[in-house]
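Asks: Dropping a structure here in structure tokens format, bear with me for questions.
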């Protein structure tokens, strides 16, 4: 990892370690919120300090009573310009919380508003450890290791060096199937996604940012534990589902939803995270790396849809084109 | 309120007051989870003890590290038979948490598994204060008043006596529009819902339980703060939205989403909670009563769709009809 990232993360983690932290808040919008949610899930499972995720504007307007000088607020915006998230950083900082901004642009408004900055490299040829996932995982597992030291976290941190090759291998191994999915689903007007645990947020991100935003395909990210309590009644032979079968504690929820969906729909695509190639990753750390790999693999499913629908992922009709 | 409910709530609240509560967990599935989420929202805004909502199976499988003897776990199942929630009650009780079960059936498996039971009357002609909302609000505001006494909460508790007449008046005043909505949307295959704050959970419930489960209409409950970060790109002249314009701190988020949606879709239905009839409710308490009234008003929108699609809300193809 590049020294600037190491230093930024060390400064942020030192601030966390020096505070008597009562709660963590993860605050962002859309895909950035989904990305942060992975960290929230890990914290919730691993340590007994509470954490919670908010979309930025809800955070500011609902004004959580627990927010104060014993809070750590982690914010993220890819460009660092998302106005709601910049506002949330300002709001949290005024309340005395430790604020940590994550962005690709260290000079962005978000990074200027927050006390600590953790920036990542984007599409500049850097190794994945210096990219958004490597840097974020490094921050999260350094925080975990500070709050509740565990040799497991040391191993996660050292095996982040494998991210680049793990990503590349898994992208290669799933590319054909992802484009086949794009071909099979190119005429679909609606595609549901499903997941649970840390993977629910991958489903949410795929639904909101890739299907709805970039492909104009209707969607809803259904939690596999919630599927049977309402949503499953829309299942039919011609209703498509893209379901993430996670690697980790909530996998049994996914298995149950897949079994049902496959019985009544002819269009169920399962992305089985346990079947990914984890060479270089310890067996007991797979549940941490799984969501990261799922993200890069799923991106290819969107590429496949873009290819076969002729609708490039870069096309927008509203975003960046007008005031809203 | 009937004395049995008063006594059940008093016993549960006494248990909360005698514990050094470190966190609240709200655990249920589907519509019951959405109903509990209103309490979670109020707690998050009003007191600095953290709270969090889980779908029951995720709660058990992800095994939150913060769960223990200083936790209060509030669970709900309408029938009290939802297996995942019964399991969650058992799991939480084994961890030493205070467990409070909410159900219409005091003899149900859920009520037997939890340490404390708060039951509500259902369709037996009782006043609304003894129904699901009256009893749940009474529990939540008694807990708030115990943790952080405030004369506001006393007033909420006394004005719960108005629920029945407030519900009846607002149902009457919105019935015609709700059925008009049903007529206008009877051929729609997809209807999006939107909301924020406590109302987001009303949108979620309407999407999962009414549109998807009971009417087999595709849907997704979009948070109005998230709309602009992906989902809004599916907006078009012929895409229907049912948007809750909440009464409370997050109303500005809803206003922004409504303004945008109305600009690009010809099919935007706004349910404005501020326009409800609050006679008998103090001005500063509207934000607490709003979500409750919204729930009963929205139910009529589903009745309107059922009437005009000829698809009764009681019809299921999978639920209760098979093992899953």
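Chains as they are written, first to last, in the numbering used here: chain A, 5 to 328; chain B, 5 to 328. Don't be surprised by glycine CBs; every beta carbon is placed ideally from N, CA and C. Just so we're clear, the structure is a prediction, and the values are computed from it rather than from any experiment.
Would you verify that the beta carbon of residue 314(B) is, or is not, closer than 7 Å to some beta carbon of chain A?
Replies: Residue mapping note: residue 314(B) aligns to position 310 of the second chain, counting from 1. So no, residue 314(B) is outside the interface.
Asks: Between residue 145(A) and residue 160(A), is the Cβ-Cβ spacing less than 7 Å?
Replies: In the first chain, the residue the question calls residue 145(A) occupies position 141. In the first chain, the residue the question calls residue 160(A) occupies position 156. Yes; because the gap between Cβ atoms is below 7 Å, this pair is in contact.
Asks: Start and end of the beta strand (DSSP E) containing residue 190(B)?
Replies: As a position in the second chain, residue 190(B) is number 186, starting the count at 1. Per DSSP, residue 190(B) belongs to no beta strand (DSSP E) and is neither H nor E.
Asks: Residue 320(B) to residue 264(A), Cα distance in whole Å?
Replies: Locating residue 320(B) in the second chain gives position 316, counting from the first residue. Locating residue 264(A) in the first chain gives position 260, counting from the first residue. Spanning the two alpha carbons is a distance of roughly 15 Å.
Asks: Tell me which residues of the region 45-74 of chain B have at least one Cβ-Cβ distance to chain A shorter than 8 Å, keeping chain order.
Replies: 45, 48, 49, 50, 51, 52, 53, 54, 56, 59, 60, 61, 62, 65, 66, 67, 68, 69, 70 and 72
Asks: Using a Cβ-Cβ cut-off of less than 9 Å, give me the residues of the region 251-265 of chain B that come near chain A, in sequence order.
Replies: 252, 253, 254, 255, 256, 257, 260, 263 and 264
Asks: Quick check: the Cα distance between residue 246(B) and residue 204(A), rounded to an integer number of angstroms?
Replies: Walking along the second chain from the start, residue 246(B) turns up at place 242. Walking along the first chain from the start, residue 204(A) turns up at place 200. The alpha-carbon atoms of residue 246(B) and residue 204(A) are separated by roughly 25 Å.
Asks: Per DSSP, what kind of secondary structure is residue 329(B) in: helix, strand or coil?
Replies: Absent from the structure is residue 329(B), since the part of chain B shown begins at 5 and ends at 328.
Asks: Contact criterion: CB-CB distance below 7 Å. Does residue 220(B) meet it with respect to chain A?
Replies: Sequence index remark: in the second chain, residue 220(B) carries index 216 (1-based). Yes, residue 220(B) counts as interfacial toward chain A.
Asks: Whether or not the region 307-325 of chain B and the region 176-192 of chain B are in contact is what I'm after, with contact meaning three or more pairs of Cβ atoms, one per stretch, closer than 8 Å; do they touch?
Replies: yes
Asks: Using 7 Å as the limit for Cβ to Cβ distance, is residue 107(A) near chain B?
Replies: Position 103 of the first chain holds residue 107(A). Answer no: the Cβ-Cβ gap between residue 107(A) and chain B never drops below 7 Å.
Asks: For residue 303(A), I'd like the list of residues in its chain whose CB is within less than 8 Å of its CB, leaving aside the five on either flank, ordered along the chain.
Replies: Within the first chain, numbered from 1, the residue matching residue 303(A) stands at position 299. Only 214 meet the Cβ criterion.
Asks: Does any C-beta atom of chain A lie closer than 7 Å to the C-beta of residue 41(B)?
Replies: Start at 1 with the first residue of the second chain, and residue 41(B) comes out as number 37. No, residue 41(B) lies away from the interface with chain A (no Cβ there is under 7 Å from its Cβ).
Asks: DSSP three-state label for residue 276(A), please.
Replies: What you label residue 276(A) is simply residue 272 of the first chain in a count that begins at 1. In this structure, residue 276(A) counts as strand in the three-state DSSP scheme.
Asks: Does residue 124(A) pass the burial test, meaning 16 or more other C-beta atoms within 10 Å, or should it be called exposed?
Replies: Working through the first chain from its first residue, we reach residue 124(A) at position 120. Buried, since its Cβ has 16 or more Cβ neighbours within 10 Å.
Asks: Using the beta-carbon of each residue, which ones in chain B are nearer than 8 Å to residue 230(A)?
Replies: As a working mapping, residue 230(A) is identified with position 226 in the first chain. Ordered by position in chain B, the residues that pass the 8 Å Cβ test against residue 230(A) are 33, 34, 37, 59 and 212.
Asks: Taking C-beta pairs closer than 9 Å, name the residues in chain A that residue 332(B) reaches, listed in chain order.
Replies: As shown, chain B starts at 5 and ends at 328. That puts residue 332(B) outside it, with no answer to give.
Asks: By the criterion of Cβ-Cβ separation under 8 Å, what are the contact partners of residue 201(A) in chain B?
Replies: By 1-based counting over the first chain, the position of residue 201(A) is 197. Simply 62, 65 and 66.
Asks: Can you pull the chain A neighbours of residue 322(B), defined as C-beta to C-beta under 9 Å?
Replies: For the purposes of this step, residue 322(B) is taken as residue 318 along the second chain, with counting starting at 1. The answer, in chain order, is 232, 236, 237, 239, 264 and 268.
Asks: Measure from the C-beta of residue 227(B) to each C-beta in chain A and report whether the shortest distance is under 7 Å.
Replies: Working through the second chain from its first residue, we reach residue 227(B) at position 223. True, the Cβ-Cβ gap to chain A drops below 7 Å.
Asks: Starting from the beta carbon of residue 2(B), find every residue of chain A whose beta carbon is closer than 9 Å, and list them in chain order.
Replies: This structure cannot settle anything about residue 2(B), because the visible part of chain B is limited to 5 through 328.
Asks: Is it buried or exposed for residue 14(B), if we count other Cβ within 10 angstroms and need 16 for buried?
Replies: Position 10 of the second chain holds residue 14(B). Sixteen is the threshold: since fewer than 16 other Cβ atoms of the shown chains lie within 10 Å of the Cβ of residue 14(B), the residue is exposed.
Asks: Quick one: which chain A residues come within Cβ less than 7 Å of residue 165(B)?
Replies: Position 161 of the second chain, counted from the first residue, corresponds to residue 165(B). What residue 165(B) touches in chain A: nothing, since even the nearest Cβ is about 27 Å away.
Asks: Are the CB atoms of residue 182(B) and residue 197(B) within a distance shorter than 7 Å?
Replies: The sequence position of residue 197(B) within the second chain is 193, counting from 1. The sequence position of residue 182(B) within the second chain is 178, counting from 1. The answer is no: Cβ separation not under 7 Å.
Asks: So within the region 99-142 of chain A, which uninterrupted alpha helix (DSSP H) runs reach at least 4 residues, ignoring any that extend past its ends?
Replies: 113-117
Asks: Which of the residues in the region 12-29 of chain A, read from start to end, lie with their CB under 7 Å from any CB of chain B?
Replies: 27
Asks: Using beta carbons (cut-off 7 Å, strictly below), is residue 292(B) in contact with chain A?
Replies: One-based indexing of the second chain puts residue 292(B) at position 288. Cβ-Cβ to chain A under 7 Å: no for residue 292(B).
Asks: Quick one: which chain B residues come within Cβ less than 8 Å of residue 157(A)?
Replies: Counted from its first residue, the first chain places residue 157(A) at position 153. By Cβ distance, chain B contributes nothing, its closest Cβ being about 14 Å from residue 157(A), past 8 Å.
Asks: Give me the Cβ distance between residue 323(A) and residue 177(A), rounded to the nearest whole Å; I'm assuming they're in contact under 8 Å.
Replies: In the first chain, the residue the question calls residue 323(A) occupies position 319. In the first chain, the residue the question calls residue 177(A) occupies position 173. Residue 323(A) to residue 177(A), Cβ: 32 Å. No contact.
Asks: Please specify which runs of the beta strand (DSSP E), each continuous and at least 3 residues long, are wholly inside the region 239-279 of chain B, giving them in chain order.
Replies: 245-249 and 272-276
Asks: Determine whether the beta carbon atoms of residue 60(B) and residue 89(B) lie at a separation below 7 Å.
Replies: The count along the second chain starts at 1 and reaches residue 60(B) at position 56. The count along the second chain starts at 1 and reaches residue 89(B) at position 85. A contact, by the Cβ cut-off of 7 Å.
Asks: If the cut-off is 8 Å on Cβ atoms, which residues from the region 97-127 of chain B count as contacting chain A, listed in chain order?
Replies: Of all residues in the region 97-127 of chain B, none has a Cβ within less than 8 Å of some Cβ in chain A.
Asks: Taking the straight line between their C-alpha atoms, what separation do you get for residue 219(B) and residue 240(A)?
Replies: As a first step, residue 219(B) is located in the second chain; it is residue number 215 there, counting from the start. As a first step, residue 240(A) is located in the first chain; it is residue number 236 there, counting from the start. The straight-line gap from Cα to Cα measures roughly 13 Å.
Asks: Could you work out which residues of chain A lie near residue 328(B), taking near to mean beta carbons separated by less than 7 Å?
Replies: Position 324 of the second chain, counted from the start, is the residue given in the question as residue 328(B). Neighbours of residue 328(B) on chain A, chain order: 232 and 264.
Asks: Starting from the C-beta of residue 131(A), find all residues in its chain whose C-beta is less than 6 Å away, skip the five residues before and the five after it, and write them out in chain order.
Replies: The count along the first chain starts at 1 and reaches residue 131(A) at position 127. These residues qualify, in order along the chain: 168.
Asks: Under the assumption that residue 133(A) contacts residue 165(A) (Cβ atoms under 8 Å), give the Cβ distance between them as a whole number of angstroms.
Replies: Taking the first chain and counting its residues from 1, one reaches residue 133(A) at position 129. Taking the first chain and counting its residues from 1, one reaches residue 165(A) at position 161. Yes, residue 133(A) and residue 165(A) are in contact; Cβ-Cβ is about 6 Å, under 8 Å.
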